Amino acid sequence: MTPSSNNPHAKSYFITTSIAYVNSVPHIGFAMELVQADALARYHRLLNEKVFFETGTDEHGIKIYRTAADLNMTPQEMVDKNAQRFKDLTGALNITNDYFVRTTDLSHQRGAQKIWQKMADNGDIYKGTYEGLYCVGCEAYIVEKDLVDGMCAIHKKPPECIKEDNYFFRLSKYSAQIRDLIQSDRLRVEPEARKNEILNIIGEGLPDVSFSRPKAMLPWGVEVPNDPTQVMYVWCDALSNYITGIGYEEENEIFKTFWPANVHLIGKDILRFHAGVWIGMLLSAGLRTPQNIYVHGFITSGGQKMSKSIGNVVDPFGYVEKYGPDPVRYYLLREIPTTDDGDFNEERFLSVYGSDLANSFGNLVYRVFSMNEKYFGGKVVKKAPSTFPIEEVVAQYQKGMGEFDLKAAVESALRLIAAGNEHVELSKPWVLAKSDMEKLSEVMYQLLEIVRIIGVLMTPFLPGSCEKLLAQYGEKGRIDDWACAVSWGQLEEGAQLVKGEILFPRIEEPAAKTEPRA
Ligand SMILES: [Zn+2]
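347 is the number that our numbering gives to position 345 of the sequence shown; each next residue is one higher, with no gaps.
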């Protein structure tokens, strides 16, 4: 791995995932969010930018409090135990986050209180009475018209009727400013459909939001400054993680370097909170607003929403244990559309693994290095020009990375893999070896360069495998300078290469699914 740049003038790049609610175990949707953010973080490190990548866990709320009570645990014991599962997931998927923020961290709590105070000082927090229907499952007030037969449509339970003293945040005051930021792309929401969606939600204006709960109602949360009878509701507690994780409490060097965030990467269900409430909070506190909000879709399993009762829940740990992190990362980035819904099932997983990784990519690498060893003892004999529009592929790749279309970026690398395999088939090195060694040396150079560039492009997606692949090139496999690494002709004549092991061994499919042999 190339470390983040030490150059003090390097561009900074701060990317966050949402924080996962620790009331349950990590699911494949959060795994995808981590992998998407990790691919971007790795790519920006390769560009020699100064990168800070943050993920973490959301650990307060009534659901946590009640679940812990049911389990005879203190809430802290429960969140400690569950947060560890999410940390384990980052390890399992080879995620390179620089920090893991937890909303029970003291530095987070003090930072959340600080932004609250700033907002209060600006006159944007006021006391009011809230009366309404409240669904414990949703942890939200719901309105009559959203009920189905008097019950929450999601939780199939009747809501509780609640009247309580709350603090409110004057979000309405910032509506026009928020709309303006999004409309003008100063806050870019990707994809376009999500931008339109949030602009519709903002419509004529955003309402003020209830911002706290009486402690008697919600004993597990961050205390409101100067009012020990109230705790923060989820907005100020959870959303503020994006600044508290980089040192907002003391406004240290890390905070000064990395805020505002370049990217908040989130799921489509929490867009309105990020593009609405959070932006309003920042404006109120006099802080700069993030540059991009990237929104991904949901993952189904076998075409259905995952649920314990159907028994189709995909466990990311199980897949990593069975197939390793790279194939799981690959499936999530290549098979699931980056900003749309997609499906995760084992049959398709094995099919993608077999066709893209084992047969196309892995096989190309193995063949090229084997042939070069056989014909030239692993040496680079002679430089040769490219027969393939590398610049065009790289441009397509970089466009995908820049516009949050990771799938398109992967596909551009796949184009190179196909080109490499085609070059082998058409030029037939095993025939040239008998007739034209000079031509053979040129073909081998072209193949080695194509494979090297594929290895560079695939590094953010398949980091473990590409590290092994690029190590076969020795010095020239290092990615010190992105522009150099992706341009043709880096391999020098006389270089000695080392053949490696098979990167993606074929997986025997279960007997029932194997085609009978002729
Ligand atoms: Zn509900």
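Yeah, the Cβ is synthetic: ideal placement off N, Cα and C, and Gly gets one too.
A quick note: this is a predicted structure, and the numbers were derived from the prediction, not measured.
Validate contact between the stretch 343-358 and the stretch 396-408 using beta carbons, cut 8 Å, 3 pairs: no
Option nearest residue 419 by Cα separation, candidates 242, 427 and 452: 452
Secondary structure, alpha helix (DSSP H): runs of 4+ residues fully inside the stretch 214-260: 243-246 and 255-260
In DSSP terms, what residue 381 is bridged to: 498
Supposed contact pair residue 100 and residue 56 - C-beta distance, whole angstroms, cut 8 Å: 7 Å
Residue 163 Cβ short of 8 Å to ligand 1 heavy atom set: no
Residues with C-beta closer than 6 Å to any heavy atom of ligand 1, in chain order: 137, 139, 140, 154, 156 and 157
Residue from 148, 79 and 165 whose Cα sits closest to the Cα of residue 134: 165
Check whether residue 382 and residue 447 have beta carbons under 9 Å apart: yes
Contact under 9 Å by Cβ, residue 42 with residue 460: no
Pick from 174, 34, 109 and 360 that is closest to residue 280, judged by C-alpha positions: 174
Other residues of its chain near residue 331: CB distance less than 7 Å, five sequence neighbours each side excluded: 37, 95, 463 and 464
Residue 160 classed as buried or exposed, judged by whether at least 16 other C-beta atoms fall within 10 angstroms: exposed
Residue closest to residue 117, alpha-carbon to alpha-carbon, out of 481, 25 and 251: 251
Residue from 380, 196 and 426 with nearest C-alpha to residue 273: 196
CB of residue 454 within 9 Å of CB of residue 430, strictly: no
Coarse secondary structure for residue 303, derived from DSSP in three states: strand
Three-state class that DSSP yields for residue 270 in the structure shown: helix
Cross-strand partners of residue 130 (DSSP beta bridge): 168
Best match in 283, 499, 328 and 301 for proximity to residue 92 [C-alpha to C-alpha]: 328
Among 398, 216, 182 and 210, nearest to residue 200 - alpha-carbon criterion: 182
Segment contact, 8 Å Cβ cut-off, at least three pairs: the stretch 67-85 with the stretch 203-217: no
Spatial distance of residue 397 from residue 68 (CA atoms): 52 Å
contact_flag[the stretch 291-308, the stretch 253-272] where n(CB pairs < 8 Å) is 3 or more: yes
Beta-carbon spacing of residue 326, residue 176 below 9 Å: no
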